[in-house]
Each structure stands twice: as structure tokens, then as C-alpha cells.
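**Student:**
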Amino acid sequence: MSPEALVPIPHTWVLALSAVLFAIGTLGVLLRRNGIAIFLSLEIMLNAANVAFAAFALKLAAEPGGVAAALAGQLFVFFVIGVAAAEAAVGLALFIAIHRLKETIDVDRLNVLRW
Amino acid sequence: MVIWVFLVAAAVAVVFSVVAIAHRSPVVNVLALVMVFFALATVFAVLGMDFLAAVQLVVYSGAILVLFLFVIMLLNIGQVEPLGSGRPWQAALGALAAVGLGATVVVAASRLPGGDGASLPGSEAGTAFPIGRALVGSHLFPFELISLLLVAAIVGAVALARREEDRT
Chain A
1 MSPEALVPIP
11 HTWVLALSAV
21 LFAIGTLGVL
31 LRRNGIAIFL
41 SLEIMLNAAN
51 VAFAAFALKL
61 AAEPGGVAAA
71 LAGQLFVFFV
81 IGVAAAEAAV
91 GLALFIAIHR
101 LKETIDVDRL
111 NVLRW
Chain B
116 MVIWVFLVAA
126 AVAVVFSVVA
136 IAHRSPVVNV
146 LALVMVFFAL
156 ATVFAVLGMD
166 FLAAVQLVVY
176 SGAILVLFLF
186 VIMLLNIGQV
196 EPLGSGRPWQ
206 AALGALAAVG
216 LGATVVVAAS
226 RLPGGDGASL
236 PGSEAGTAFP
246 IGRALVGSHL
256 FPFELISLLL
266 VAAIVGAVAL
276 ARREEDRT
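Dropping the structure here:
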């Protein structure tokens with residue numbers, strides 16, 4: 001992208017978007033009872049954290065030595081995406097195993113720590 | 116112009132994330148989440164982080180959500196309970212906590228200094244070149260750890276999802 005296309009976007013706006021997304025994700029985690037739906041809400045929260053990383057990378061880029069800070073912020077987002085992929089694989093495998101055992105993934109009915 | 120693209124993408128992300136947590140059909144939830152991830156990729160692209168936009172599309176929309184769809188169809192989940200169908204006080208408390216959290220961060224963000232906008236230094240800062248250099252250079256160790264974590268997660272997922280009678 002050419003430099004003149006990068007009209008400055010206030011990083012506080014980006015941070016506000018992150019906050020709203022994180023609140024929506026929290027709402028989903030707290031209010032849903034279905035395991036998959038809770039997991040989806042968790043993904044929204046992870047993405048909100050990524051947007052916050054991007055916002056602060058943008059903020060620190062304007063300061064002295066900002067090139068390294070901007071790079072570090074993007075690397076953090078990259079690593080978060082990697083961890084999210086691993087977490088999704090293990091979590092969904094767990095739900096498959098639980099569903100095989102209990103015929104449900106309603107977290108309210110998974111309240112016994114044994115089978 | 117660019118700021119409008121950002122605002123539209125942000126609005127799309129917020130609206131579809133509400134759909135993603137509120138709709139009763141898990142398939143609709145996942146498809147709404149695809150829209151959220153596309154909107155967030157647009158946000159990354161508008162901020163000049165081209166590489167992250169591509170990774171967001173390929174890994175999140177391409178890999179993770181397909182995994183979700185697979186599992187939903189494998190478990191044959193139809194309509195599930197609506198949002199907040201548990202105990203009413205629990206739902207009220209959860210909604211209060213989430214809204215309080217969001218409002219707190221929005222207020223905190225509005226009080227940060229220097230809200231007049233910033234951009235990445237130089238046009239190259241968000242492309243694959245500096246990030247790839249850092250991944251095999253200064254950040255090689257976490258990068259290798261991630262690959263180890265992914266292998267462990269995949270092996271663990273296969274071990275967890277196997278049928279009980281296959282285990283001999």
C-alpha cells in the first residue's frame with residue numbers, strides 16, 4: 001500500500017472497536033450454554049485482542065524507534081493466530097469426545113467431573 | 116476515504132459478531148463469524164498491515180472456521196438454545212459484566228493521549244518481508260515453538276477424537 005493511501009486512523013478508534021468486540025465476545029461466553037457457541041465467542045475475543053495489538057503497534061509506530069514496535073505488534077498478532085489455531089483443534093476434538101460420551105455439549109449438563 | 120473504509124468495516128464486524136453470538140443456529144453463527152473475520156482483515160489492510168490481513172483470511176476464515184463447520188456438521192447440531200436461556204440472574208449478571216467491561220475499555224481508550232491518528236513507519240512495515248525476516252531472525256525461537264505447539268495440538272486432537280474401541 002502506498003504511503004499516501006495510509007491516511008492516519010486514530011488508534012483510539014481501533015482500540016474502541018477492539019473493546020466493543022471483546023465485550024460482545026464476553027457476552028457470548030457468559031450467556032451461551034452450547035459449547036460450540038461459547039467457543040465461537042472465544043474466537044471473537046481473541047480477534048479483539050489482535051485488533052488491540054494492531055492499535056498499539058500503530059500508536060507506538062509514531063514514537064522514536066517505532067519500527068521495531070510496529071513489527072513486534074504484528075508478530076504478536078501472528079503468534080496469537082497460531083495459538084488460536086492450535087486451541088481450536090484441541091477444543092473441537094474435546095467437544096467431539098464429550099459429545100460421544102454424553103450426547104450433548106450443553107455446558108450446563110457437563111457439571112460432573114467424571115463419566 | 117480510508118477512514119470511511121475503516122468505519123464501515125468496523126460496523127460490519129460489530130453487527131456480524133452480534134449475529135455470531137446471538138443466532139440460534141450454529142451454522143449461521145460460523146458464517147457470521149466469517150463476515151467478522153473478513154471485516155477485521157479489511158481493518159488490518161486499512162491500517163497498512165497487509166501480511167496480517169492475508170494471514171487473517173487464510174488461517175481464520177480458511178482453516179479455523181472450516182474446522183468449526185466440520186465439527187458442527189459431524190455432531191449434527193441443529194437449533195440450539197437462544198442467548199441467555201440459563202438462569203435469569205446469571206444472564207443479567209453476565210450482560211452487566213460484559214457491558215461494563217466494554218464501556219470501561221472504551222472510556223479508557225478515549226482518554227489515551229495522541230488520538231489524532233498514526234500510521235505505520237514507511238510503506239513496507241506491514242508487508243511479509245520485514246515480518247518474515249523477523250520470524251526467521253530475531254523471533255526464531257517463538258516461531259519454532261509455535262510449530263511445535265501446532266504439531267502437539269494436532270496429535271492431541273487426533274488422540275482425543277479417536278473412538279474408544281480403537282484404542283488398543
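Just so you know, the protein sequences line up as chains A and B, in that order.
Numbering of the first sequence is given in this note's numbering, commencing with residue 1 and proceeding in unit increments.
Numbering of the second sequence is given in this note's numbering, commencing with residue 116 and proceeding in unit increments.
Yeah, the Cβ is synthetic: ideal placement off N, Cα and C, and Gly gets one too.
Please list the terminal residues of the continuous alpha helix (DSSP H) segment that includes Arg248(B).
**Tutor:** Taking the second sequence and counting its residues from 1, the one referred to as residue 248(B) is at position 133. DSSP places Arg248(B) inside the alpha helix (DSSP H), whose first and last residues are 243 to 250.
**Student:** So if I threshold CB-CB distances at 7 Å, which residues from the region 63 to 75 of chain A count as touching chain B?
**Tutor:** So the list reads Gly66, Val67, Ala70, Leu71, Gln74, Leu75, given in the order they occur along the chain.
**Student:** Could you check whether the Cβ of Pro245(B) sits closer than 7 Å to any Cβ belonging to chain A?
**Tutor:** Along the second sequence, read from residue 1 onward, the residue named residue 245(B) stands at position 130. It does; some Cβ of chain A falls within 7 Å.
**Student:** Quick one: what's Asn34(A) bridged to in DSSP?
**Tutor:** For this step, residue 34(A) is matched to residue 34 along the first sequence. Bridge partners of Asn34(A): Asp106(A).
**Student:** What number of angstroms, rounded off, separates the C-alpha of Ala85(A) from the C-alpha of Val270(B)?
**Tutor:** Position 85 of the first sequence, counting from 1, holds the residue named residue 85(A). Position 155 of the second sequence, counting from 1, holds the residue named residue 270(B). Separation of Ala85(A) and Val270(B) (C-alpha to C-alpha, rounded to the nearest whole angstrom) is 13 Å.
**Student:** If the criterion is Cβ atoms closer than 7 Å, does the pair Ile105(A) and Gly35(A) meet it?
**Tutor:** On the first sequence, position 105 is the one that residue 105(A) refers to. On the first sequence, position 35 is the one that residue 35(A) refers to. Against a cut-off of 7 Å, the Cβ pair of Gly35(A) and Ile105(A) comes out as a contact.
**Student:** So, using beta-carbon positions, are Ala70(A) and Ala61(A) closer together than 7 Å?
**Tutor:** Counting from one through the first sequence, the residue named residue 70(A) turns up at place 70. Counting from one through the first sequence, the residue named residue 61(A) turns up at place 61. Closer than 7 Å, so yes.
**Student:** Can you list, in chain order, the residues of its chain whose CB lies under 6 Å from that of Ala5(A), leaving out five sequence neighbours each side?
**Tutor:** As a position in the first sequence, residue 5(A) is number 5, starting the count at 1. Unreliable positioning characterises Ala5(A) in this predicted model, as indicated by a pLDDT of 47, which lies under 50. The coordinate reading is nonetheless provided below. Counting only Cβ-Cβ distances below 6 Å, and skipping sequence neighbours, we find nothing.
**Student:** Between which two residues does the alpha helix (DSSP H) carrying Ile179(B) extend?
**Tutor:** Position 64 of the second sequence, counted from the first residue, corresponds to residue 179(B). Premise fails: Ile179(B) is in no alpha helix (DSSP H) and is neither H nor E.
**Student:** What would DSSP say about His254(B), mapped onto helix, strand or coil?
**Tutor:** If you number the second sequence from 1, residue 254(B) lands on position 139. Correct three-state label for His254(B): coil.
**Student:** Cα separation between Ala223(B) and Leu101(A)?
**Tutor:** One-based indexing of the second sequence puts residue 223(B) at position 108. One-based indexing of the first sequence puts residue 101(A) at position 101. So the alpha carbons of these two residues sit roughly 45 Å apart.
**Student:** Can you confirm whether the region 17 to 24 of chain A touches the region 123 to 136 of chain B when touching is taken to mean that 3 or more C-beta pairs between the two stretches lie within less than 8 Å?
**Tutor:** Enough Cβ pairs lie closer than 8 Å, so yes.
**Student:** Sorted by chain position, which residues of the same chain lie with C-beta nearer than 7 Å to Arg278(B)'s C-beta, five sequence neighbours on each side aside?
**Tutor:** Residue mapping note: residue 278(B) aligns to position 163 of the second sequence, counting from 1. Around Arg278(B): no qualifying Cβ.
**Student:** Is the beta carbon of Ala88(A) sitting closer than 7 Å to the one on Ile118(B)?
**Tutor:** The count along the first sequence starts at 1 and reaches residue 88(A) at position 88. The count along the second sequence starts at 1 and reaches residue 118(B) at position 3. It is not a contact, given that the beta carbons lie outside the stated cut-off.
**Student:** Measure the CB-CB distance between Val170(B) and Ile81(A) and report whether it falls below 7 Å.
**Tutor:** The sequence position of residue 170(B) within the second sequence is 55, counting from 1. The sequence position of residue 81(A) within the first sequence is 81, counting from 1. Against a cut-off of 7 Å, the Cβ pair of Ile81(A) and Val170(B) comes out as a contact.
**Student:** Under a CB-based cut-off of 7 Å, is Thr26(A) close to chain B?
**Tutor:** The residue you call residue 26(A) lines up with position 26 of the first sequence. At a cut-off of 7 Å between beta carbons, Thr26(A) contacts chain B.
**Student:** How long is the line joining the alpha carbons of Ala210(B) and Glu196(B), rounded to whole angstroms?
**Tutor:** As a first step, residue 210(B) must be located in the second sequence, where it is residue number 95. As a first step, residue 196(B) must be located in the second sequence, where it is residue number 81. Rounded to the nearest angstrom, the two C-alpha atoms are 17 Å apart.
**Student:** Could you name the residues of chain B that Ala49(A) contacts, counting a contact when the two beta carbons are closer than 9 Å?
**Tutor:** Against the first sequence, residue 49(A) aligns to sequence position 49. Within chain B, no residue comes near Ala49(A); the closest Cβ sits about 11 Å away, beyond 9 Å.
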